[in-house]
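Below is one structure, written out as structure tokens, with a few remarks after it.
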Amino acid sequence: MFRFPVRVYYSDTDAGGIVYHARYLDFAEHARTEMFRTISEMVVGAQGSQRALMETTGLAFIISSATIDYKKPGFLDDILEIQTSVEDMKRFSMVFHQRVMRGEDVLAELRIKVAAMDMAAKRPAPIPEWLSCALQGGKDEPV
Numbered sequence: 023m024f025r026f027p028v029r030v031y032y033s034d035t036d037a038g039g040i041v042y043h044a045r046y047l048d049f050a051e052h053a054r055t056e057m058f059r060t061i062s063e064m065v066v067g068a069q070g071s072q073r074a075l076m077e078t079t080g081l082a083f084i085i086s087s088a089t090i091d092y093k094k095p096g097f098l099d100d101i102l103e104i105q106t107s108v109e110d111m112k113r114f115s116m117v118f119h120q121r122v123m124r125g126e127d128v129l130a131e132l133r134i135k136v137a138a139m140d141m142a143a144k145r146p147a148p149i150p151e152w153l154s155c156a157l158q159g160g161k162d163e164p165v
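Pasting the structure below:
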């Protein structure tokens, strides 16, 4: 499981100081981006980035569906943790399960389905086995 800390800023909240519902999608996106960055650093070295991983694999990951179940509100200045894991891995797509946590409290649960796309051909592409293993927390992968 990949863990990513987030502080709630004023720009993340509504007028009442409660996290605006759409910001959970942003928090989840940031966590997935940092997870891919971590994997990229292992693959291409210390200068790894999500873009470097895209260039190495020739793949982009396109969101095909997203669901959010809101459990409890988040508030201004909260320190949250976004927990990300792969719930389902297929040949051409995967589903990420992400939880937004405040301590032991689950604030929201997201399921994000992404499809792998060959950037040159603009067509679905298989996810490489090494990347599938890394995303699922393979033996040499800290994710």
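The sequence shown begins at 23 in the working numbering and counts up by one.
By construction, the Cβ of each residue, glycine as well, lies at the ideal position given by its N, Cα and C atoms.
Worksheet item: In its own chain, which residues sit with a C-beta less than 7 Å from the C-beta of D140, not counting the 5 before and 5 after it?
Response: G80, L81, A147
Worksheet item: Taking C-alpha atoms, which residue in A143, R73, E103, M116 lies nearest to S87?
Response: M116
Worksheet item: Taking just the CA atoms, how far does F58 sit from L75?
Response: 8 Å
Discussion item. Between V28 and the ligand ADP, is there a pair consisting of the residue's CB and a ligand heavy atom that are separated by less than 7 Å?
Written reply: Absence of the ligand ADP from the depicted structure is noted, as is the absence of any ligand whatsoever, leaving it without description.
Discussion item. Suppose the cutoff is 7 Å on Cβ atoms and the five residues either side in sequence are ignored; what does the same chain contact list for V30 look like?
Written reply: V41, G96, F97, L98, D99, D100, L102
Worksheet entry | Under the three-state DSSP convention, the category L98 falls into | coil
Worksheet entry | Enclosing beta strand (DSSP E) for S71 [first to last residue] | First-last for S71: undefined, no H or E at that position.
Practice prompt. Give me the Cα-Cα distance between G70 and D48, rounded to the nearest whole angstrom.
Written response: 22 Å
Worksheet item: For R59, which beta-bridge partners are listed by DSSP?
Response: R59 pairs with nothing; no bridge assigned.
Worksheet item: So what does I90 bridge to, in DSSP terms?
Response: L132
Worksheet entry | Same chain only: Cβ atoms within 6 Å of R121, ignoring 5 sequence neighbours per side | Q105, V128, E131
Practice prompt. Could you check the C-alpha separation between D110 and V136 for me, to the nearest Å?
Written response: 11 Å
Discussion item. Applying the 10 Å Cβ sphere with the 16-neighbour rule, what's the burial state of Y32?
Written reply: exposed
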